[in-house]
Amino acid sequence: MTEHIVLRHRDIERIDRLEVYLENGGFRAFESIVRKKSPEQVIDIVKKSGLRGRGGAGFPTGVKWSFLTPDVHPRYVVANADESEPGTFKDREIMERNPFQFLEGVAICAYAAQAEVAYIYCRAEFWDLTLELDRKIEQLKEAGLLGKKLFGSDFSLEMYTHLGAGAYICGEETALLESLEGKLGQPRLRPPFPAAEGLYGKPTVVNNVETLTNLPLIIDRGVDWYRKIGTEKSTGTKVFSVSGNIELPGNYELPLGTTFRELIFEHAGGIPNGHAIKAILPAGASAPILPASDEVLDTKMDYESVPEVGSSLGSASIIVIDETVNIAWVESKITDFFEHESCGKCTPCRDGTYWMKHIFERIMDDTAQAHEIDLLHTVGIGIQGKCLCALGDFAALAVTTAVERFRPDFDLHVQGKSSKAA
Amino acid sequence: MSVTLTIDGTEVTVPEGTLLVDAAKRRGTDVPVFCYHPKMKPVGMCRVCLVEIGRPARDRATGESLLDESGNPLIQFGPNLETACTITVGQGWQVRVSSEKAIQGRKEIVEYLLTSHPLDCPICDKGGECPLQDLTMGHGSGESRFLFDDKIRLAKHYPLGELIFLDRERCIQCARCTRFQDEIVGDPVIGFYERGRRLEIVTYSDPGFDSYFSGNTTDICPVGALTTADFRFGARPWELNSAASICPHCPVGCNLTLSTRREASNAGRDVVKRVMPRQNEQVNEIWICDKGRFVHHYARSPERLTSPRVRKNGKLVKASWNEALTRAAEGLKGAASSAVGIASGRLMNEDLFNLKELMAALGGRAILVDSMAGGNLIQRYGVGVGSNLGSLGKRDAVLVIAADLHEEAPIWWLRLKQAAERGTTLIVANARATRLDDYAKHRVRYDPGEAVQAALGVLLLNGGDPELARFEGDRALKSAASAIKRARNVTIFFGQEGLNYAGTEALARACALITESKGRLGKSNNGLVAVWPRANTQGAWDMGLRPEPAGLHRALAGAKAAYIVAADPVGDDPAAAAPFEKLSTLIVQDLFLTATAELADVVLPAQAFVERAGTFTSGERRVQRLYPAVGALAGSLPDWKIVANLAHRLEVDLEDKAAPLVFERIAAAVPDYLGLSYDDLAAVEPQWPEVGGADLYFGGTAYANKQGLGVQLAPRGAGRPLKWKAPPRASAGKDLLLTPVTVLYDRGSALRHSSLLEGRIAPLQLILHPDEIERLGLSEAGEVEISWDGRSERLKFAASTDVPPGSALVPRGAGLALSDPTPVTVRRSNS
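Going down the list, the protein sequences come from chains A and B. All the letters of the first sequence, read from the start, carry residue numbers 49 to 470 under this note's numbering. All the letters of the second sequence, read from the start, carry residue numbers 107 to 937 under this note's numbering.
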């Protein structure tokens, strides 16, 4: 790929400065839609572009916007900058290096949703980044790009940043809204969906940072240009965050549909120290673990293909695991994470992750009984399909699939077997 | 619109919008729940109500129903189980509650819950009436796959306040308690802290769990996590017997169940172990306030009177009933028509009827000590039969004037709050802000003491006498008045705050006229409700007792003997002792040796409500029965019987055998009660939601009502036309108008003799506006001296911006002998 869409700072030096961003066509898209397009036309463009939510669910963005309850105001737009999936670090780079394109994306979304207030909900660890965003928002106001009656229209827009308090679950959009309202971060029952009753009970759009950052170029360069990138159903690029046993960890913006093999071996330099690749976690901790077979490596990373080999793309945080790593150990870490992060609102996730964590303690101590590996699997399966939000399923998916796909790694830890794997 | 679906193969038709769990319940299928409660919004947290739902399949393109080979609608079941508590039913659905998959899903949820539950049922207060225990028996595995040593260890005796204790290990995080406090009560003083299995209930208030309704959370807690301070570790539910009763503390008339057990501590006799709500959807639903739940301990106070006393050589000494009654009879006989009976609305109808009859036979008067007017108007303008605050909706309006319902009648407050949230137009008129203001659509503020003027203003704007023009008020009053005009049904609650007796009389009259102007007298949810100071003040009016408008001292002027029942005028105001000391015979009948009793010649020990049969007539004029729960304290008798025994000695024939027989006489003699019987009062009908059955997890442990919903009396109608009367205007001149305001936890004898709520009794202090404090040059921690009528008192003071200009407030019954609003001089105390 020759040109970045989201990580444009890699092509244009100091695009984090407003004057540089403006020189490179910044806010042209926003101004043009406010002057010339109706909100419905903007929604239509985004629908036609095929843009899908980059936060993990992959839901078509324009369709999500079109669910807003008509004629109910005020409305809100919330940028989900609570980037907390293990192994995901793309939004941070976007907001640090290409902030104005992100903010323009928020503005475009707000116009399409006819929201006059937009919130940027940042994870607590983005403290300094949030302060910097506040300064950028001030600059936009001074430049007349935010504020009252923009470009002589009747449309006004204010933006505010808001810091979370350190909970993974607040990346889930309804828990995020609860937290933004000052309440305990726990997911809401759905329906109603945020598009009907979101922030303060009003119609609300919640979109991921990367999703929003795509918008200015989609508007500016058009749907046809955008649809040429990626696949038929998964259009555009995706920023893949690559970590784990990899030579060149980092973010890679590539067209959707790029294969795992190309990403890992051509772009990210392959596996260090001559080791062989063993497994891939394609969506951080939140999706089934994949054995790094040829079939998997040749799978296209898009929203349709990854499920075909038994996992999902999620937020595309590609964690690469080599042959030296015991998968049971990986899964014990993942379980620790979810047990720590389960909000506790619903029973299967709250008590199931607690149970799994205690089984893992024995597995990692090599004191587990053979039947406890099966029990771990049963407990994980029992959680799935019964929880209030998606986190519950996520919490168990990587573990249950690991037991199914990497059973020998678990059996190594059963009491009486040979001592710890590497 | 109704929806038809099948649940486990049986067809059921329910209104559109019904939750699946309720639809199943109405069909008789219990879907287990922990977090769902039929009185609260669904949250879908516990996930135990999992069922399989099959929906008619539709063609994606055309939207038409797809049919199977035999031409029936094709039903598609999703891959996952779904929660019956969060989903409203759909036409043609097939729901499987009892399928293997659904049962397996629920088993898994119960197993997860039990991993973190201590399973200490053998020592748990909830054991025996515990939803988790019941569902474990139904769905749990016989053996745990979770290792006992992995169980989480948490605090087991955590006081959320002095009334409610939390066992953190038992808590299953269903949030019923926090949602009750937030959604139903509007006191979000408890909440969740932390997350995951560390999620715990904490209280944010000081004192802890500061809410008048906290006890209800222990009823709806589906495990033994929340228990009350007085019942925990006190008895096992299966040892308890139960008796129906009515709360004796305020005019709401909440239906109660008294749980009793025989105990060694009471020589093998029954003891009331707890007070529980008994369902009456027209009165208290399944809730009661904490006063009703926790104050009953006074009935077991060691200070109760256990034998009559008579004065000998200037001293009260124990005496036999015969001696005491003979002495009392002699006193009354000597006084004859100059004998005065004084009683309060604490008594039951049977007691009041007998007392009234006795005094009538003697030619003397029967005075009601509760100094508030309007009982006669309630008989004519009271709410119509079928009135139910729970049925109020968008087209109805309620006016609350000169009352603070949160303090005076908490369950009315609760139900009006909920009515307002359902869209009922709530109008709150008072001289100061009260907690009901938060839910009011219109808040009318008048100058202290001018409630009547406000009511007359409303009347004027509803088409009253043009002469009322001078009472026309501000914009708030006008919009309130037009809301009343627009509403289909209007209920008016009037109280006595800021008014003397004459003021309440004028207010009652003005409110009656507003009711009349609507022209819907006698219809349900139309009419007047008096916020009486006692549970049975209305019954006292109905039985023929009347207050003395000019005050007790006037009633006592010229009296030779007084017979005081369930009242303590000297305790209320020690300065009022003189006229009692002058009497030739003073007879006092009570539970305790009150300040008045200490002056008496004869003291007669009466029984507490827990020991009694009888009836109360509520503020909404519902006649309800109390049943004896425990044997009477040895030496005491029911009031009606004491009165009858006394009457016999004066050759007056009164019923002395049984309460139902007294009621028969009432039903023959008192116009509105004609033909009523105890059987009528004991009639019940099915109520929704069902509670108290085998499915405790649905509604909680409130008791089903098997002993009577009571009978609401019909108002007689307007009769001869009422004329409005120019009301007196209160003026304090240069002084402050000191207004007593009712508080729930006052220093009444019930509270003083129940130690549990001691810490919550309102302190005696003057409440001043901060501006007033500044004007008087008061320092932060000092005291003030107030003086009126040649009397003076030193009091602590506190600041509140809710105090109206020119006023000061003082809690009623907290120790200051003042019952009417009184101009007082306030100055800094020189100490």
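All residues carry an ideal CB built from backbone N, CA and C; glycine is no exception. Keep in mind the model is a prediction, meaning the values are calculated, not measured.
In this chain, the beta strand (DSSP E) harbouring aspartate 502 (chain B) covers 502 to 507.
DSSP, read as helix, strand or coil, puts cysteine 617 (chain B) in helix. Taken in chain order, the complete alpha helix (DSSP H) segments of 4 residues or longer contained in the segment 861 to 923 of chain B are 876 to 881.
Following the DSSP letters along the chain, one finds histidine 406 (chain A) inside the alpha helix (DSSP H) bounded by residues 395 to 412. Only exposed fits leucine 173 (chain B), as fewer than 16 other CB atoms lie within 10 angstroms of its CB.
Restricting attention to alpha helix (DSSP H) runs no shorter than 4 residues, the segment 328 to 353 of chain A encloses them at 342 to 345, ordered along the chain.
When DSSP assignments are scanned along the segment 121 to 185 of chain B, the uninterrupted stretches of beta strand (DSSP E) that are 3 or more residues long and fall wholly within it turn out to be 156 to 162, 181 to 183.
With a cut-off of 8 Å on Cβ pairs, the segment 583 to 601 of chain B is in contact with the segment 493 to 513 of chain B, counting three or more such pairs.
Counting only runs that start and end inside the segment 544 to 601 of chain B, the alpha helix (DSSP H) elements of at least 4 residues fall at 557 to 567, 581 to 592. In the three-state reduction of the DSSP assignment, lysine 831 (chain B) falls in the coil class.
Valine 847 (chain B) and proline 516 (chain B) have their C-alpha atoms spaced approximately 15 Å apart. Look at the segment 265 to 293 of chain B: the residues with a C-beta under 7 Å from a C-beta of chain A are Gln279.
Think of a sphere of 8 Å around the beta carbon of lysine 434 (chain A): the chain B residues whose beta carbon falls inside it are Arg153, Leu156, Asn186, Leu187, Gly211, Glu214, Ile215, in chain order. With the rule of 3 Cβ pairs closer than 8 Å, the segment 164 to 179 of chain B does not count as touching the segment 130 to 149 of chain B. For histidine 210 (chain A), the three-state secondary structure derived from DSSP is strand.
Look at the segment 241 to 262 of chain B: the residues with a C-beta under 8 Å from a C-beta of chain A are Arg251, Phe252, Leu253, Asp256, Ile258. The C-beta of phenylalanine 298 (chain B) comes closer than 9 Å to at least one C-beta of chain A.
Glu387, His388, Glu389, Ser390, Cys391, Gly392, Lys393, Cys394, Thr395, Pro396, Arg398, Asp399, Gly400, Thr401, Tyr402, Trp403: these are the residues of the segment 382 to 403 of chain A whose beta carbon lies less than 8 Å from some beta carbon of chain B, given in chain order. Measuring C-alpha to C-alpha distances from glutamine 417 (chain A) to each of B:Thr721, B:His875, B:Arg164, B:Leu253 identifies B:Leu253 as the nearest.
In the three-state scheme derived from DSSP, where H, G and I count as helix and E and B as strand, glutamate 226 (chain A) is classed as helix. DSSP places aspartate 696 (chain B) within a strand segment (E or B) once states are collapsed to three. Scanning chain B for C-beta atoms nearer than 7 Å to the C-beta of glycine 430 (chain A) yields Glu214, reported in chain order. In this structure, the alpha-carbon of tryptophan 647 (chain B) lies about 38 Å from that of arginine 368 (chain B). Fully contained in the segment 349 to 382 of chain A are the following alpha helix (DSSP H) runs of length 4 or more, in chain order: 353 to 356. With 16 or more neighbouring CB atoms inside 10 Å of its own CB, glycine 806 (chain B) falls in the buried class.
Cβ contact annotation for proline 297 (chain A) (same chain, cutoff 8 Å, sequence separation greater than five): Val290, Ser291, Ala316, in chain order. Taking CB atoms only, leucine 619 (chain B) has no neighbour in chain A less than 9 Å away. With respect to valine 916 (chain B), tryptophan 894 (chain B) sits apart: the two C-beta atoms are not nearer than 9 Å.
Under the 10 Å beta carbon count, glutamate 61 (chain A) is surrounded by fewer than 16 other beta carbons and is classified as exposed.
Residue B:Arg771 holds the alpha-carbon nearest to the alpha-carbon of glycine 781 (chain B) among B:Val790, B:Arg771, B:Ala789, B:Ala788. Distance from the CA atom of glycine 741 (chain B) to the CA atom of aspartate 457 (chain B), rounded to whole angstroms, is 18 Å. Taken through DSSP and simplified to helix, strand or coil, asparagine 460 (chain B) comes out as helix. Separation of histidine 754 (chain B) and leucine 760 (chain B) (C-alpha to C-alpha, rounded to the nearest whole angstrom) is 7 Å. In this chain, the beta strand (DSSP E) harbouring lysine 418 (chain B) covers 415 to 418. Per the coordinates, the alpha-carbon of leucine 583 (chain B) lies some 7 Å from the alpha-carbon of valine 564 (chain B). The Cβ atoms of alanine 350 (chain B) and leucine 732 (chain B) sit closer than 9 Å to each other.
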